[in-house]
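Following this note's numbering, the numbering of the sequence shown begins with 33 at its first residue and continues without gaps.
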Amino acid sequence: MMINMCFVYSAQLTKAYQTANVLFEALKAVDMTQSIEVDREIQEAQNKVAEEMQIYVPYNILPFDPDSANQAIMKYPEIQAAVFALRNTRGIPWPKGHKNKKDEDILDWLQAMFGFQKDNVANQREHLILLLANVHISQLQLDERALTEAMEKLFENYKKWCKFLDRKSSLWLPTIQQEVQQRKLLYMALYLLIWGEAANLRFVPGCLCYIYHHMAFELYGMLAGNVSPMTGENIKPAHGSEEEAFSRKVVTPIYEVIAKEAEKSKRGKSKHSQWRNYGDLNEYFWSVHCFRLGWPMRADADFFRLPAGQLRKKNGNILSYLISYCFPYCQFFRRPLPGFPSSKGPYVSR
33 MMINMCFVYS AQLTKAYQTA NVLFEALKAV DMTQSIEVDR EIQEAQNKVA
83 EEMQIYVPYN ILPFDPDSAN QAIMKYPEIQ AAVFALRNTR GIPWPKGHKN
133 KKDEDILDWL QAMFGFQKDN VANQREHLIL LLANVHISQL QLDERALTEA
183 MEKLFENYKK WCKFLDRKSS LWLPTIQQEV QQRKLLYMAL YLLIWGEAAN
233 LRFVPGCLCY IYHHMAFELY GMLAGNVSPM TGENIKPAHG SEEEAFSRKV
283 VTPIYEVIAK EAEKSKRGKS KHSQWRNYGD LNEYFWSVHC FRLGWPMRAD
333 ADFFRLPAGQ LRKKNGNILS YLISYCFPYC QFFRRPLPGF PSSKGPYVSR
């Protein structure tokens, strides 16, 4: 009963702060338009609400406010073990000027270094904790076998991608055993954060592999203290670490390509040889030609400039779809007919 009351109180407090914040925003708008002087006590109350809003935030399943330890779900040993493991930030280099906060974890560090969105970090923190909790039920500590199992499932497609393109995986583990668990969690958290902001890029899994391949390598370089041969300074993310940098500089350029191709399709009326669908784009990232994009991705790369027809001619092996009335039959039974691409797995050129 007491736990349930704590849960209700926390939820009500969160809602109250949200309502107060909306009212203060409305008052601020009136102040700007009508030049009405706001009382000092009201301004102080607004600042207090703004501070509390950083603590009492909406959540899906797992609460992380100061009273969350009293809630039933946060008392499960598998949840506590996952939370404790994620909060191990020992040895990772925070950016200069960073102000330490209570209960910071490795996802906060990834946000600070790679410029992920705040709400995405909150969602993926919950995602990762529940993922880990599900694979090691009733364990007081994060079991290494459970962590390895979760990691193998998460990176199954990425490893296939590396093998197919004959590239070494960026999942390098440290030689010091005490650091292995932290590194595995960092790799998993990074992938989920990329996936969380990928939008329509999720329909192009090869593209996600390409992005992750380079960002995981940057992560390894930062943790190892490697120096860039170009700048002579410690390695930093190529797209910067300012707020929402990943969304603006990595996701948006590729998303705009997808949007342009959708316009060329004229709602499916154009010939398939005149535009690139998700399968075409995915197939591009399962070919060695994708590495011509570089990292950071070059805005003048063929992928961003050339029309579908010219890109196929230049790369030679980019798949061109031929759609007929038999295509729905192939998709239903997932059995390729002669002259049609298989619907199994990634679209690749063999």
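C-beta atoms are modelled at their ideal positions from N, C-alpha and C, and glycine is treated no differently.
Considering just the uninterrupted stretch of the alpha helix (DSSP H) at residue i, what are its terminal residues?
i                : result
leucine 217      : 209 to 228
methionine 183   : 176 to 186
alanine 144      : 138 to 146
aspartate 334    : 334 to 337
leucine 162      : 150 to 167
lysine 296       : 284 to 296
phenylalanine 96 : It is not in any alpha helix (DSSP H) - phenylalanine 96 carries neither H nor E in the DSSP assignment.
asparagine 314   : 310 to 316
leucine 118      : 109 to 118
Assuming residue i contacts residue j under a Cβ cut-off of 8 Å, what Cβ separation, rounded to an integer in Å, is found between them?
i              : j              : result
glutamate 293  : arginine 308   : 5 Å
leucine 142    : methionine 220 : Incorrect: roughly 11 Å between the Cβ atoms, too far for contact.
alanine 117    : leucine 174    : 4 Å
tyrosine 190   : tyrosine 244   : 6 Å
glutamate 158  : asparagine 92  : 6 Å
tryptophan 193 : histidine 246  : Not really, about 13 Å apart at Cβ, beyond 8 Å.
leucine 255    : isoleucine 138 : In fact, because the Cβ distance is near 11 Å, the residues do not count as touching under 8 Å.
glutamate 265  : glycine 147    : The Cβ separation is near 18 Å, so there is no contact.
DSSP beta-bridge partners for residue i?
i              : result
asparagine 266 : Val259
Tell me which same chain residues have a C-beta within less than 6 Å of the C-beta of residue i, skipping the five on either side of it?
i                 : result
glutamine 156     : Leu224, Leu225, Gly228
methionine 37     : For methionine 37, the pLDDT reaches just 41, beneath the cut-off of 50, and the residue's location in the model is therefore unreliable, although a value from the coordinates is still provided. Contacts found: none.
arginine 330      : none
phenylalanine 249 : Ser202
cysteine 239      : Leu233, Phe317
leucine 205       : Val212, Arg215
alanine 165       : Glu110, Ile111, Ala114
isoleucine 290    : Asn232
glycine 371       : Here the model assigns glycine 371 a pLDDT of 40, short of 50, so the residue's position is not dependable, and the following value carries that caveat. Within the same chain, glycine 371 has no close Cβ partners at all.
leucine 162       : none
asparagine 258    : Ile267
cysteine 241      : Tyr190, Trp193
alanine 154       : none
By Cβ distance, which residues of its chain are closer than 7 Å to residue i, with the 5 residues on each side in sequence left out?
i                 : result
valine 167        : Ala178, Glu181, Ala182
leucine 325       : Ala333, Phe335
proline 127       : Ala144, Met145, Ser273
valine 283        : Glu229, Ala230, Ala231, Leu233
valine 236        : Tyr310, Leu313, Asn314, Phe317
phenylalanine 278 : Phe146, Gly147, Phe148, Glu229, His271
Which same chain residues, not among the five before or five after residue i, have their C-beta less than 8 Å away from its C-beta?
i             : result
glutamate 136 : Arg119, Thr121
glutamate 295 : none
serine 302    : Lys296
proline 285   : Met329, Ala331, Phe336
tyrosine 287  : Ala231, Asn232, Leu233
leucine 222   : Leu142, Phe146, Tyr244, Met247, Ala248, Leu251
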